[in-house]
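Okay, structure first, notes after.
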Amino acid sequence: MYRERLKDKIIIVTGGNGLIGKHIVNHLKDNGATVINVDINLKTNWSESTYCCDITNKESIEKLIADVNNKFGAIDGLVNNAYPRTSDWGAKFEDVLYESWQKNVDMQMNAVFLICQKVLEIMKKQNSGSIVNIASIYGVVGNDFTIYEGYGGTSPAAYAAIKGGIINFSRYLASYFGKYNIRINCVSPGGIKDSQHESFIEQYEKKSPLKRMGNAAEIAPAVTFLLSDEASFITGHNLMVDGGWTAI
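Just add 897 to the spot in the sequence shown (first one is 1) and you have the numbering used here.
What follows is the structure, given as structure tokens:
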């Protein structure tokens, strides 16, 4: 159903072509926003509001922000959803190479820093804006490694460090930019079903209070809400969309 709570808002979504990103983009559009879908696997096409950007590259980020601002004259919202990672992502802690750890922190956490910094320069001049950073339950609580035992899997150590860092970085930004009428929040998804091993799904759902994994579409409404004026007095918050995982 089309709503107008984000009417005339210019919103950038990174990783907008991914599993969760597609739902975020569509939900924001359904609520009236002009959404710039930013993804390395897309071609830049202003008529379709798509933009090819490598968020691991400083110059590519700077060009993205400048181009969007020049075209639309404003940036009202930002969703940091992109999730770049190395090919050895998911290696057991003992096997993680320092260079791999360093590169993943650079590609994920440092990219969020730079995108926020450049967008916030514009939002500060506007005296308005809202940012939502996509974090995770594992940026808040420790991992339950028993859910991986049935198939020998694991959860990346860097993921916990990066997502935890992004959550507190968002609190920092909320404190720093609040006086400019800018809000910065996080959404932390729980496990999203996406062709995981049967053993993982079974063990995850057994522990979850709702007894199921989440669907990618269930993350988007929380993002839309935090970007909208309905959340006008909410900043520095980390909204858990996790089926109750972090409640127990």
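The C-beta atom is built at its ideal place from N, Cα and C for all residues, glycine as well.
Out of ALA988, ASN967, THR941, ASN1030, which has the shortest C-alpha to C-alpha gap to TYR980? Among ALA988, ASN967, THR941, ASN1030, the Cα nearest to that of TYR980 is on ASN1030.
ASN1007 - DSSP class collapsed to helix/strand/coil
Helix.
When the Cα of ASP1139 is compared with those of ASP1091, LYS1076, SER1033, which residue comes out closest? Nearest C-alpha to ASP1139 among ASP1091, LYS1076, SER1033: SER1033.
Have a look at CYS1013 and GLY913 and give me their C-alpha separation to the nearest angstrom. The alpha-carbon atoms of CYS1013 and GLY913 are separated by roughly 17 Å.
Original post:
What's the call for LEU903, buried or exposed, on a 16-neighbour Cβ count within 10 Å?
Top reply: It counts as buried.
When the Cα atoms are used, what is the spatial distance from ASN1135 to GLU1115? The alpha-carbon separation between ASN1135 and GLU1115 amounts to approximately 16 Å.
Check: Considering only the beta carbon of each residue, do ILE1028 and ILE1081 sit closer than 8 Å?
Finding: Yes. Within cutoff.
Is there contact between the segment 1004-1018 and the segment 946-958, where contact requires at least three CB pairs shorter than 8 Å? Because the criterion of three Cβ pairs below 8 Å is met, the segment 1004-1018 and the segment 946-958 touch.
Q.
Rounding to the nearest angstrom, what Cα-Cα distance links LYS1060 and VAL1037 in this structure?
A. Cα to Cα, the separation comes out at about 8 Å.
Check: PHE1042: buried (16+ other C-beta within 10 angstroms of its C-beta) or exposed?
Finding: Burial call: exposed.
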